[in-house]
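J.: Protein sequences appear in the order of chains A and B.
Residue numbers are given in the working numbering: position 145 of the first sequence equals residue 145, and the series is strictly consecutive.
Residue numbers are given in the working numbering: position 141 of the second sequence equals residue 141, and the series is strictly consecutive.
A virtual CB, placed ideally from N, CA and C, is assigned to each residue, including glycine.
2 protein chains.
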Amino acid sequence: MNDIKKQFCNFLKNNNLLLTAQRECILNYILSTSYHFDAEQLYVQMKSEDPSIGRATVFRTVKLLESSGLIRKIRLGKSKSYYELTVKKKHHEHLVCQNCGKIIEFIDSGLEERIIKIAKKNNFKINKHAVEIFGICEDCFKSTKNK
Amino acid sequence: MNDIKKQFCNFLKNNNLLLTAQRECILNYILSTSYHFDAEQLYVQMKSEDPSIGRATVFRTVKLLESSGLIRKIRLGKSKSYYELTVKKKHHEHLVCQNCGKIIEFIDSGLEERIIKIAKKNNFKINKHAVEIFGICEDCFKSTKNK
DNA sequence: TTTGAGATTGATACTCAATATCAAATATAT
DNA sequence: ATATATTTGATATTGAGTATCAATCTCAAA
């Protein structure tokens with residue numbers, strides 16, 4: 001069992017929760033994907049592997065994974081929540097193309113520093129932050145010009 | 001008629017839309033408030049002034065106001081959308097207290113510059129951006145310590 | 001191995017925010 | 001005045017997520 005699974009097992013144990021077949025199955029799938037996902041999409045995927053699984057279980061497990069710190073919620077301008085793995089990945093921000101939906105991740109230490117400074121200046125105990133930049137990506141911009 | 005109203009009228013005219021009593025009423029109210037609001041809250045307010053107004057009309061008008069550029073959508077970590085006036089107000093970001101819900105607005109030119117640079121570096125036609133910092137505000141932090 | 005308290009499940013109903021539908025009412029141009 | 005287009009409010013519907021609950025599963029203690 002790898003470190004990430006162990007981390008989740010510990011979380012479950014510490015909260016008197018059980019590692020069930022469904023939870024393990026969902027965890028496995030999430031670990032095998034490296035990109036953003038949402039709960040509904042995950043449900044459809046799990047359903048295709050095990051038709052007996054329920055929507056509620058998937059949504060509940062996503063919440064658990066979030067509480068455990070394994071995944072984090074991100075908002076990409078849509079009404080629904082997306083999630084991404086927190087492990088094996090540095091914190092980063094998002095460029096969201098409003099035309100094709102493509103998401104470019106970036107890190108910028110200068111940006112992070114400023115955010116920390118701003119929180120400090122306002123006597124704010126910072127917990128998390130999010131920077132989203134919306135616009136048109138290079139590819140889409142090129143193809144609209146060609147029309 | 002003030003500039004802001006004119007701007008909205010122009011927008012309506014340019015799109016073959018009419019300035020109706022309901023739309024004007026909603027616009028007036030929005031101009032009289034200077035803080036964040038959401039569509040449902042606005043509906044309740046308008047309903048108290050004119051009980052015959054419909055929910056759909058308020059939600060539609062909010063969308064119109066957004067398209068016209070008079071208000072902008074902001075996401076404050078909740079599932080619903082909030083809006084704020086874009087005029088008479090410089091663009092700013094938000095510090096959101098996860099305990100009491102208080103919202104502190106701030107501007108930081110260094111932050112803005114970096115965001116523009118990042119977009120440029122990624123050949124991204126930037127349209128808008130959002131920075132949200134979540135945490136515990138000074139007041140809440142103090143009062144938790146006293147317990 | 002049985003038992004029983006507690007955790008988990010899936011189905012379902014429900015909430016909440018927002019959108020779609022549509023007939024009736026309004027406005028506009030001719 | 002009339003034909004055309006826009007807007008309205010009521011209502012139904014969607015989409016995302018949560019609450020409920022009886023049935024099932026787990027596991028430690030007897």
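1. Check whether the Cβ of residue 59(B) lies closer than 8 Å to any Cβ atom in chain A.
2. Could you have a look at residue 133(B) and say whether DSSP puts it in helix, strand or coil?
3. Out of 20(B), 22(B), 27(B) and 15(B), which one is the CA nearest neighbour of residue 3(B)?
4. Could you give the C-beta distance for residue 42(B) and residue 58(B), rounded to a whole number, given that I count them as a contact under 8 Å?
5. So for residue 147(A), helix, strand or coil by DSSP?
6. From what residue to what residue does the alpha helix (DSSP H) around residue 25(B) run?
7. In angstroms, rounded to a whole number, what distance separates the CA positions of residue 62(B) and residue 19(B)?
8. Report the rounded CA-to-CA distance for residue 120(B) versus residue 126(B), giving the unit in angstroms.
9. Give the range of the beta strand (DSSP E) segment to which residue 100(A) is assigned.
10. Beta-carbon within less than 8 Å of residue 81(A)'s beta-carbon, same chain only, minus the 5 sequence neighbours each way: which residues are those?
11. Quick check on residue 82(B): does DSSP put it in helix, strand or coil?
12. How long is the line joining the alpha carbons of residue 22(B) and residue 135(B), rounded to whole angstroms?
13. How far does the alpha helix (DSSP H) with residue 117(A) in it extend, from its first residue to its last?
14. Determine the contact status of residue 118(A) and residue 133(B), defining contact as a CB-CB distance below 8 Å.
15. Which residues in chain B have a C-beta closer than 7 Å to the C-beta of residue 128(A)? List them in chain order.
16. By how many angstroms is the C-alpha of residue 50(A) removed from the C-alpha of residue 141(B)?
17. Which of helix, strand or coil does DSSP assign to residue 37(B)?
18. Could you please tell me which residues of the stretch 93-124 of chain B, in chain order, have their CB closer than 7 Å to any CB of chain A?
19. Closer than 6 Å by C-beta to residue 104(A): which residues in its own chain qualify, once you throw out the five before and the five after it? Chain order, please.
20. Are any of the Cβ atoms in chain B nearer than 8 Å to that of residue 138(A)?
21. Do residue 124(A) and residue 137(B) have their C-beta atoms within less than 8 Å of each other?
22. Can you say whether residue 93(A) is buried or exposed, counting buried as having 16 or more other CB atoms within 10 angstroms of its CB?
23. Are the CB atoms of residue 128(B) and residue 157(B) within a distance shorter than 8 Å?
24. Any beta carbon of chain A sitting closer than 8 Å to that of residue 131(B)?
25. Between residue 84(B) and residue 83(A), what straight-line distance do the alpha-carbon atoms span, to the nearest angstrom?
26. From which residue to which residue does the alpha helix (DSSP H) around residue 4(B) run?
27. Mind checking if residue 37(B) is an interface residue toward chain A, Cβ cutoff 8 Å exclusive?
28. Helix, strand or coil: which one does DSSP assign to residue 70(A)?
29. How long is the line joining the alpha carbons of residue 32(B) and residue 6(A), rounded to whole angstroms?
T.: So, to answer that:
1. no
2. strand
3. 27(B)
4. Contact flag correct, Cβ pair sits at about 6 Å.
5. With a pLDDT of only 46 at residue 147(A), under 50, the local geometry of the prediction cannot be trusted, and the value read off the model is given with reservation. The three-state reading of DSSP puts residue 147(A) in coil, since its state is none of H, G, I, E or B.
6. 21-32
7. 14 Å
8. 8 Å
9. Counting along the chain, no beta strand (DSSP E) covers residue 100(A), and no H or E run does either.
10. 38, 39, 73, 74 and 75
11. strand
12. 39 Å
13. 109-121
14. yes
15. 134
16. 46 Å
17. Three-state result, residue 37(B): strand.
18. 95, 98, 104, 106, 108, 110, 111, 114, 115, 118, 119, 122, 123 and 124
19. 95
20. yes
21. Contact annotation: residue 124(A) and residue 137(B) have beta-carbon atoms nearer than 8 Å.
22. buried
23. Outside the shown range of chain B (1 to 147) lies residue 157(B), about which nothing can therefore be said.
24. yes
25. 27 Å
26. 3-14
27. no
28. coil
29. 55 Å
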